[in-house]
Each structure stands twice: as structure tokens, then as C-alpha cells.
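Residue numbers (my numbering): 185 to 696.
Idealized CB from N, CA, C, for every residue including glycine.
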């Protein structure tokens with residue numbers, strides 16, 4: 185007897201439908217699994233056999249062929265255990281085939297028949313809804329995550345026995361209710377605030393510019409000046425994380441098994457801070473099969489690289505394409521996988537190896553050659569892709585010990601949202617384009633300069649030896665500053681402020 189069930193597999197962070205076909209016939213006892221299964225899927229035959237036996241079900245006695253279609257797509261992980269076991273029960277006449285119509289099944293079996301959770305459940309639920317599945321049967325631990333998808337019935341089961349009892353009507357399991365009320369209530373609640381940072385009003389102003397236009401920023405300053413504190417609080421002034429953004433980012437965390445067990449959706453923008461020993465594959469993604477890297481885990485959030493020159497140069501150079509395109513493609517011999525990577529890059533560094541170049545309180549012990557070698561660890565093309573180079577100086581004692589608080593996240597966020605509204609009126613309300621991602625055509629249309637501004641830009645290009653990319657970056661930043669101030673055109677003051685945020689061009693980086 186032939187049984188057909190629907191299940192789902194993962195490629196990267198995307199789910200695809202898998203038709204599980206089970207055919208039991210006479211002959212010598214043998215089980216054959218075909219359809220390009222990898223090792224974990226091949227081993228499912230042994231798990232399923234013992235689970236059926238331990239639950240008291242009859243095992244197939246003849247030749248059994250299990251096919252996972254499409255046959256040319258590799259099947260990975262143990263999510264096919266539950267549908268294969270149910271297919272065996274249908275093929276051997278222990279379960280009515282009509283009971284599984286309109287259903288899809290995903291889950292890994294333990295030897296005692298219990299069902300273990302699987303990765304990528306949100307993507308699977310979205311794919312099931314797109315396929316018109318009426319009810320998705322999943323491990324109980326995954327039910328809350330799958331129930332995020334509207335219009336899809338989700339049944340969470342604790343084991344194969346529960347699934348069979350539900351399908352046969354012996355006991356009915358209530359479908360999980362859509363689980364977005366609690367996550368939405370917790371959306372965009374941060375336990376930190378810019379008011380915690382004393383002083384550094386100039387740095388806060390630069391971070392407002394970065395958040396308003398989606399610009400990347402590099403902070404340069406001695407140790408202990410608050411660079412990390414500033415970076416950690418940038419998310420608190422970014423626009424609120426929307427439902428679509430939350431779904432996109434949650435898919436990445438779900439596919440990698442990083443979604444917290446008590447959460448069905450991410451409620452705040454991610455903040456990723458990898459150690460400087462990270463490999464290039466860990467940064468952008470890789471492996472076989474390809475898995476998302478840190479830049480994809482920072483999707484719609486912030487990637488913070490502390491002590492930038494300490495990172496392996498190759499790990500930094502692989503950031504160049506994602507910074508421009510907002511996605512990364514990992515290519516292998518058999519397939520290519522694309523991961524989202526739209527993030528704000530925030531980096532920090534000391535001005536020299538000892539950290540005290542330009543600090544009036546400490547004498548720098550580094551020679552010019554040491555400083556040049558230290559700065560040379562960061563390539564010019566990468567620096568060109570960072571819009572703002574910000575000097576962060578030590579905070580005076582009077583500001584540290586004073587009772588008055590500085591700018592709070594609420595006040596700074598009002599400026600950001602005002603500028604974002606101007607950009608939404610200019611580019612469209614979907615927020616897909618902000619000033620930091622304007623292409624050349626949009627830049628020429630919306631960031632034109634008056635004669636005074638053109639003269640100032642020409643002088644800056646000549647004196648600082650700026651590249652064409654740095655020229656465009658300055659115009660994008662100037663456009664954002666004008667939006668914050670609420671002006672239609674770019675004034676000379678806006679352009680001067682934008683040029684002032686090219687610290688490395690002005691002081692330490694003379695070569696393009």
C-alpha cells in the first residue's frame with residue numbers, strides 16, 4: 185500500500201515542501217530510503233523502527249521504500265521522522281489515509297516515540313500556509329512559534345502516539361492560538377537608555393545622524409570613553425521594529441536554533457558583537473550546508489565590531505559586498521544560498537596601539553611607524569563604506585560627577601523619526617530606501633549642492649584626497665543632516681558637519 189504525506193525541509197533559512205512517499209510490499213524485510221537524504225535523515229530509519237516498536241505499533245514486514253521528493257534536493261536534519269512514521273502506519277493499514285488529508289507533519293522522533301523540536305519552524309509554517317495546508321502538526325515546543333502565522337491551524341504534539349490519537353479522533357488536541365499578542369506588547373522595550381551616558385553630546389549627535397539615515401559609523405577614541413555604551417544604545421533610537429522586520433529576523437534565528445524557547449518572535453532589534461577572532465565564514469556565513477553568519481543575525485539591527493583593527497583582515501574584507509547590497513550569497517558547487525544582511529555597522533577602535541594618541545591626560549608611547557601599521561590593518565575600501573568617522577574624547581570630571589542628565593533616547597529618537605518621515609515622503613513609506621542606501625541616480629536628484637556647497641566639496645576633495653565613494657558618502661550624510669534640521673536643500677553648515685565626520689580622511693588616512 186502506498187502512502188503520501190506532506191512535510192517540509194530547510195535550505196538556508198527558506199523552507200520547501202517535501203512529499204514523503206511510503207510504499208510497503210511483500211518480500212524480504214528491508215527498508216530503502218531514497219530522495220537524496222543526508223546522514224541524519226538516513227539514520228531516521230532506526231529511530232522510527234524502535235519508536236514504532238516501543239509504542240506497540242506493527243512494523244513493516246516486507247520490503248519498504250521511502251521516497252523524499254523532489255529527488256534532486258538534499259534533505260537534511262531529522263524533521264522527517266514524524267511524517268515517515270505516520271506514512272508507515274498508513275502504508276501498513278494501521279492509520280486511515282483520509283485522516284492525514286490537508287495536514288503537514290514535521291518533527292524528530294526519540295526512541296520512546298516522543299517528538300523533539302526542530303529548527304526553522306517559522307519558515308516552515310510560512311511555507312505551509314503558502315501551500316494551502318489546513319493543519320500543521322509539529323512538536324509541542326515549536327507550536328507557539330508556528331502559530332505566529334495567521335490563517336494556519338497548528339497542532340502541537342508531544343509524541344507519535346498523541347499524533348495518531350488526534351488524527352483518529354480518539355483524543356482531540358486544540359489548535360494553538362495565534363501567538364503574537366504577547367510579543368507585540370513587548371515590542372521595542374529596551375532596558376537601556378542614552379541618558380545613562382554622561383557627556384558625549386557630540387557623539388550622540390553623530391549617532392542620531394547614523395540612525396536617521398541608516399549610516400555606518402566608526403568611533404575612534406582612547407579606552408574608557410564610552411564607545412561600547414554608545415553602540416549598545418543605538419538600537420533605542422532606531423525606528424520601531426515592525427512586524428515584517430521581526431518576522432524576517434526571527435526566521436534567521438529560528439533556522440539557526442538561536443530563538444529563545446520562551447519567544448515566538450524577536451521583539452527588539454538584534455545587537456551582535458562578535459569577538460575579534462571570528463573567521464570570515466563566521467562573519468558572513470558558510471559551512472556545508474551554508475548557515476547564516478553574524479551579519480545575517482544582525483539583520484534589521486546592529487553589528488558592533490569592537491577594536492576593529494584586531495579583526496582578521498579577511499574577516500573584514502568580506503563585509504564590503506553585504507554593506508553595499510544588504511544581502512550575502514554563499515556559493516557552493518551544488519547550490520547557492522542567499523541570506524539577508526541589512527544592518528547598521530558600528531565599529532570602534534583606539535587611535536593607536538597604546539590607545540592614547542591625542543589624549544591630553546596620557547602620553548602616547550607609539551612611534552609613527554607603529555601607528556601607521558596599526559591603521560593599515562583596515563583597508564581604504566572598507567573605510568570608504570563607513571559614512572561617519574567619529575572622534576570620541578574622554579569625558580571631563582565635571583560632566584561625570586554632575587547631576588544633570590544628557591540627551592535621552594526619547595529625545596534623540598524624536599529627531600530620528602522626524603528625519604525618517606522626510607525620507608518616507610521622498611522615497612516611499614515602506615522604508616526600503618533611506619539616505620544611507622541611495623544609489624547614484626537618487627543621490628544626484630536629492631542631494632544637489634548650491635554654489636557655496638560645491639566649492640566647499642571641491643576643496644575637501646582636493647585637500648583630503650577623497651575617493652568618489654567617500655564623496656558620495658558625504659553627500660548622503662549631508663542629506664540626512666538636512667532632513668534632521670527640516671530643510672529641503674543641503675546648506676553649507678550641513679555639508680561642513682558631514683565633512684567633519686570623516687576623521688580618518690582628515691588625520692590618519694591620506695591614501696585612497
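What three-state label does DSSP hand residue i in the structure shown?
i, result
"residue 611", "helix"
"residue 384", "coil"
"residue 256", "coil"
"residue 272", "helix"
"residue 693", "Annotation note: pLDDT 41 at residue 693 (below 50); position unreliable, no value reported."
"residue 287", "strand"
"residue 195", "strand"
"residue 420", "helix"
"residue 303", "coil"
"residue 214", "strand"
"residue 522", "strand"
"residue 201", "strand"
"residue 238", "helix"
"residue 334", "coil"
"residue 449", "coil"
"residue 340", "strand"
"residue 208", "strand"
Rounded to whole angstroms, what's the CA-CA distance from residue i to residue j? Just pull it up for me.
i, j, result
"residue 234", "residue 262", "15 Å"
"residue 607", "residue 581", "39 Å"
"residue 469", "residue 634", "44 Å"
"residue 422", "residue 600", "7 Å"
"residue 240", "residue 357", "21 Å"
"residue 692", "residue 536", "Annotation note: pLDDT 47 at residue 692 (below 50); position unreliable, coordinate value reported separately. Taking the straight line from one Cα to the other gives about 10 Å."
"residue 302", "residue 371", "25 Å"
"residue 436", "residue 238", "36 Å"
"residue 685", "residue 543", "19 Å"
"residue 223", "residue 208", "23 Å"
"residue 195", "residue 519", "10 Å"
"residue 420", "residue 442", "22 Å"
"residue 244", "residue 474", "36 Å"
"residue 554", "residue 501", "22 Å"
"residue 695", "residue 417", "Residue confidence is low: residue 695 scores 34 on pLDDT, short of 50, so the model does not pin down where it sits. Its coordinate-derived value is still stated next. Computed Cα separation, rounded: 33 Å."
"residue 396", "residue 679", "16 Å"
"residue 683", "residue 602", "22 Å"
"residue 551", "residue 584", "32 Å"
"residue 253", "residue 348", "24 Å"
"residue 362", "residue 336", "9 Å"
"residue 464", "residue 495", "10 Å"
"residue 291", "residue 344", "9 Å"
"residue 515", "residue 508", "18 Å"
"residue 637", "residue 675", "7 Å"
Where does the unbroken alpha helix (DSSP H) through residue i begin, and where does it stop?
i, result
"residue 581", "581-585"
"residue 646", "635-648"
"residue 428", "427-439"
"residue 468", "464-468"
"residue 344", "344-352"
"residue 376", "Per DSSP, residue 376 belongs to no alpha helix (DSSP H) and is neither H nor E."
"residue 479", "478-481"
"residue 499", "497-501"
Using beta-carbon positions only, say whether residue i and residue j come within less than 7 Å of one another.
i, j, result
"residue 267", "residue 189", "yes"
"residue 338", "residue 330", "yes"
"residue 546", "residue 687", "no"
"residue 456", "residue 415", "no"
"residue 181", "residue 458", "In the structure displayed, the chain extends from 185 to 696; residue 181 sits before or after that span and is not available."
"residue 376", "residue 199", "no"
"residue 523", "residue 588", "no"
"residue 438", "residue 289", "no"
"residue 627", "residue 659", "yes"
"residue 400", "residue 529", "yes"
"residue 596", "residue 392", "yes"
Could you check where the beta strand (DSSP E) with residue i kicks off and where it finishes?
i, result
"residue 554", "Residue 554 -> not in any beta strand (DSSP E); alpha helix (DSSP H) instead, spanning 552-559."
"residue 511", "511-515"
"residue 570", "Here residue 570 belongs to no beta strand (DSSP E), and DSSP marks it neither H nor E."
"residue 489", "486-489"
"residue 683", "Residue 683 -> not in any beta strand (DSSP E); alpha helix (DSSP H) instead, spanning 676-684."
"residue 529", "528-533"
Residue i and residue j look like a contact to me (Cβ under 8 Å); what is the Cβ gap, rounded to whole Å?
i, j, result
"residue 206", "residue 246", "At roughly 12 Å, the Cβ-Cβ gap does not stay under 8 Å, so residue 206 and residue 246 are not in contact."
"residue 264", "residue 298", "Between residue 298 and residue 264 the Cβ distance is about 16 Å, and since that is not below 8 Å, they are no contact."
"residue 324", "residue 304", "So it is not a contact: roughly 17 Å between Cβ atoms."
"residue 413", "residue 381", "5 Å"
"residue 411", "residue 576", "5 Å"
"residue 193", "residue 204", "Not quite, the Cβ-Cβ distance comes to about 10 Å (not below 8 Å), so this is no contact."
"residue 276", "residue 250", "No, residue 276 and residue 250 are not in contact; Cβ-Cβ is about 13 Å, not under 8 Å."
"residue 448", "residue 328", "5 Å"
"residue 242", "residue 278", "6 Å"
Can you find a C-beta in chain C that's less than 7 Å from the C-beta of residue i?
i, result
"residue 206", "Considering every chain present, this structure includes no chain C. It has just one protein chain."
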